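Reading through the structure tokens given below for one structure.
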Amino acid sequence: MTQLDQRAAAPHLRVSPGIQGVALDLHAPTPALGSEIRFGAQPKQSANAGLKDALYRELELHVDLSVQGVNIDPADHAALNALGGGRTFGPTRLDEDLTLQLPSFYLPHGLSAGVRLSPHSVYGLVVEDGEPVLCRYGKRRTLVAKLDYRRKPKSPLAGRVTSDGVSFEDIARIDETTGLVHVSYSKECSLKDKGEECKFCNYDNRNAIVKTPRQVGELFAAAVEAGVASSFHLTGGFIPERRELEHYIDVAEEIKARTGLEGFVGSISMGATEDYTIFDKLKEAGYVMIGSNMEVWDRNFRKAIVPGKENQCGGWDNWVASLEYAVKVFGTTKIVSNIVAGIETKKSILEGVEYLCSRGILGNAGIWRPTPGTDLEGHQTPLASWHLDLAFKRVAIYKKYGFTREQIHSYHGAGGIAGIIYRIEDELFEDGKLKSLYHPRLTLQNQTH
Ligand code: SF4
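Structure representation (structure tokens):
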């Protein structure tokens, strides 16, 4: 017998549109809650109209969970740990003693229920009758949704180490569902020493260990051999003298030497430079996509929020010019630039997204979640309704400039909420749920460079 009352998910959010076409005033004010955003001519009702409506409501909850996080009562740790999981949490600022092993959780229609621990959230994760449920704390604890949970199967690479004895788990995160190997080469960023770090970023670990090209190459080759890797993404902070740019090329050479591949499906995120020939070298090395994040579009805001990216990389004008050069080298839709969504105005973000997309650059705008240890710790990201409105307007821009679902899913993390909207509109359904497709399953034979 459940202790919780059934309740509609996140009824305070109401921005679900039917999204088709592109006739949208991008600078219109955010609609009041309860209103609809109109995207031009509305489609005929499809046979899946009910599922689409349910998914848009679930998307509202998904975004609200991303904004608010989830509060987990210590009394529930034992029951949650008993579910057996793949992801480890803790110790955290929320609870020094907390160690949780959680599987991946999904909402009833297939969207993920991201677990980001937050002591201030109204949402909670509890176990009822042996099953995980999402609840909402108030005068009484009420049920929001029963969760589907998926344990990670044991990896064929479990327990493997590099030739110098470092655990593969410390080198990369491998998403075996999509074949994406994600490497953050270091937590170091030399902008910190200059006092010019980005105000939302907590990379500051001076002399942090840098994962060597050899370690990364060994891991990727083993993952390819085990059949669990099809694409590769490399990211990290600035290394003094911008040595990370050489590092990217060395990693690519190691991968090619160890896999025997001429090229590979690989992407990196990097800061702009004033020597544009680096893009030619990166393409030559084997990468097929580049991310180079503006972070902030408004010129004046940018100087205050990302001073190092402004001062060390030739300023706003050079950053944009380098992105445009990169498009000439890699082709349209192969260059991605993120604007942190929630620091500057929505109008400014949309101007940036539109400018970038009009030049063949995918302008992304991921949700800003203020991070502990940064200058913006304790700030709030905007409401879920703000982020949803921004996402629908972004999708309208993507459609206007012809970006396809595959293209916006190709780069690690670029899909986000916009990617979910594309999947709902494309009716990518399976067994009454949205089909899982966080990144395309690229094959190593797909590479063309
Ligand atoms: S460049 Fe900015 S966002 Fe990137 S690691 Fe350094 S401080 Fe962080």
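Numbering (the working numbering), first residue to last: 1339 to 1787. For glycine and all other residues, C-beta sits at the position ideal for the given N, C-alpha and C. What you are looking at is a predicted structure, and each value in this text was computed from that prediction instead of being measured.
Nearest-angstrom Cα separation, counted from residue j out to residue i
i	j	result
L1772	L1445	10 Å
P1708	G1680	10 Å
I1509	V1499	9 Å
N1656	D1414	51 Å
G1452	L1403	7 Å
L1393	A1734	19 Å
G1653	K1647	7 Å
E1622	E1584	13 Å
V1644	V1482	38 Å
F1617	L1721	38 Å
F1767	E1744	16 Å
C1473	L1463	6 Å
V1691	G1468	45 Å
R1580	Y1760	37 Å
E1526	L1389	45 Å
K1666	R1697	10 Å
Residue environment, residue i, which counts as buried when at least 16 other CB atoms sit within 10 Å
i	result
S1501	exposed
E1582	buried
A1387	exposed
P1710	exposed
T1671	buried
L1362	Confidence at L1362 is low in this model, with a pLDDT of 35, below 50, so the placement of that residue should be treated as unreliable; the coordinate-derived value is given next. L1362 should be labelled buried.
D1769	exposed
H1458	exposed
Y1523	buried
Contact check, residue i vs residue j, beta carbons under 8 Å
i	j	result
F1668	M1608	no
G1754	G1716	no
L1700	V1674	yes
H1725	V1408	no
Y1541	G1629	no
S1660	Y1614	yes
F1443	P1470	yes
L1620	I1687	no
I1512	A1567	yes
Bridge-paired residues (DSSP) for residue i
i	result
N1702	N1676
Q1439	T1426
G1604	F1570
R1474	Y1461, T1480
S1505	V1499
M1632	Paired residue(s): none; M1632 is not in a bridge.
I1512	V1519
S1450	Y1444
D1486	Y1444
L1772	F1767
E1466	E1469
L1455	V1408
- Does the segment 1552-1562 touch the segment 1580-1597, meaning 3 or more C-beta pairs lie closer than 8 Å? yes
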